[in-house]
Every structure is written in structure tokens, then in C-alpha cells.
Amino acid sequence: MKFSYDLLFGLPDEKIALFCLLGAQRMEGIYDKFCKKYLGGVNANSDALRELFELLEGGGKSRLELIYNRVYSAIPDTEDYDDELADQAQCAIISTSYCISYLVEKNREMARFAVEKNFDAIDVLGEDVGMFIAAEVSWCEELINDLSAADLSDNAFVECLVVRNLGHSIPVV
Numbered sequence: 002m003k004f005s006y007d008l009l010f011g012l013p014d015e016k017i018a019l020f021c022l023l024g025a026q027r028m029e030g031i032y033d034k035f036c037k038k039y040l041g042g043v044n045a046n047s048d049a050l051r052e053l054f055e056l057l058e059g060g061g062k063s064r065l066e067l068i069y070n071r072v073y074s075a076i077p078d079t080e081d082y083d084d085e086l087a088d089q090a091q092c093a094i095i096s097t098s099y100c101i102s103y104l105v106e107k108n109r110e111m112a113r114f115a116v117e118k119n120f121d122a123i124d125v126l127g128e129d130v131g132m133f134i135a136a137e138v139s140w141c142e143e144l145i146n147d148l149s150a151a152d153l154s155d156n157a158f159v160e161c162l163v164v165r166n167l168g169h170s171i172p173v174v
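In terms of the numbering used here, the sequence shown opens at residue 2 and continues consecutively.
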């Protein structure tokens, strides 16, 4: 089962941005586990995602660049760690960095790269990932359907979507 980027790219930029952030949010638990194991609980990704959701309505480019620099400096070098959790954590925070790049540039390739990191994080799980990929594709398609009809100025809708999204987190190794 493959994800159709045509569906995603049929949405307006602000909805693509929200879709990408929701994807990064689904990997938040991965990076959190990595931080607890290796970084004493300091989690630059969660802080960045919280700020990015707040900035969706138009945060200044300079503020996005500051967030990007924090996120980029927190990407783990997988050669420094000897486990698959680091591989997944790298996918999670790189997805966030691609989301920021999309917010700044509105380059759809950045959105594509952000979404692909979810599938890369699933691939790290190893064998029998088919059901996880199918679940991710299905949820992505449902999100696109919800977003296509949504009014993003409806804060209650967006908040509900964020909460529902958390129920579809990418599994952690």
C-alpha cells in the first residue's frame, strides 16, 4: 500500500503544513523515548512542535529559522548510538526539520520528505511492517479527507484533529 502525494498536494499550502506537522507529531513519542534514554530527558523536538503548531497562522521567518537551528542541532548522529531507537529518533526530528523548511519555503518536496520520514521510521521496525504501513497510509488518507473539507480557522476542529492524531502514533522499537 502506497501513499498518494497527489491527494496531499491537492490541498492548499496551510493544510499541507498542518498535515506535515501532524505527521511529525505522530513520531513525537519516538524522539521522547530517545531523549529519556540518551539525553537526560531534554527534548528539543517536542518544544519545536509545540511552537510550530502555534506558528501555523504565520510566524515570522526569523522565528522559524531559530526553531530550525535548534531542531537541526538536536538530530542524533546514528553512528554515535548502537540501536534502532536512534535511527527512529533521527527520522522523527528530521521530519520536524522538513516541516519547518516547508513552512519557510512552501516547497512541496520538503513536505514529501517530511511525510516519507514517517514511513522510514516504520521501516526501522524490521519484519512485518506491512500492517503498520497500511495503518499509516489509511490514517494519512483520512487526514487528507478531513483537511480538504476543513476550515482551519475553526480552532476546535484543529484541536480535535490534533488529539485524534495522537491515537495514530508511529510505534517505537
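Idealized CB from N, CA, C, for every residue including glycine.
All values reported here derive from a predicted model rather than from experimental measurement.
Looking at residue i: is its Cβ nearer than 9 Å to the Cβ of residue j?
i    : j    : result
Y103 : I17  : yes
E15  : L57  : yes
F114 : F4   : no
V116 : L9   : yes
L1   : N166 : The chain is shown only over 2 to 174; residue 1 falls outside these bounds and no answer can be derived.
L53  : I76  : no
V72  : A90  : no
A151 : V159 : yes
With respect to the alpha helix (DSSP H) encompassing residue i, which residues constitute its N-terminal and C-terminal limits?
i    : result
T79  : That residue, T79, is in no alpha helix (DSSP H); it is neither H nor E in DSSP.
V173 : Taken as a continuous stretch (DSSP letters only), V173 belongs to no alpha helix (DSSP H), as it is neither H nor E.
S47  : A45 to L56
N119 : R109 to D124
M132 : G131 to S149
E160 : N156 to L167
Applying the criterion that 16 or more other CB atoms from any shown protein chain within 10 Å of the CB defines a buried residue, is residue i buried or exposed?
i    : result
M28  : buried
S96  : buried
L86  : buried
V43  : exposed
C161 : exposed
V173 : buried
M2   : exposed
L148 : buried
E137 : buried
A176 : Look at the range of the chain in this structure, 2 to 174, and you will see that residue 176 is not part of it.
Quiz item: If we count Cβ pairs, one from each stretch, closer than 8 Å, do we get three or more for the region 18 to 25 versus the region 141 to 157?
Solution: Three or more beta-carbon pairs separated by less than 8 Å link the region 18 to 25 to the region 141 to 157, which places the two stretches in contact.
Quiz item: Contact between the region 24 to 41 and the region 74 to 86: three or more CB pairs below 8 Å?
Solution: The region 24 to 41 vs the region 74 to 86: in contact.
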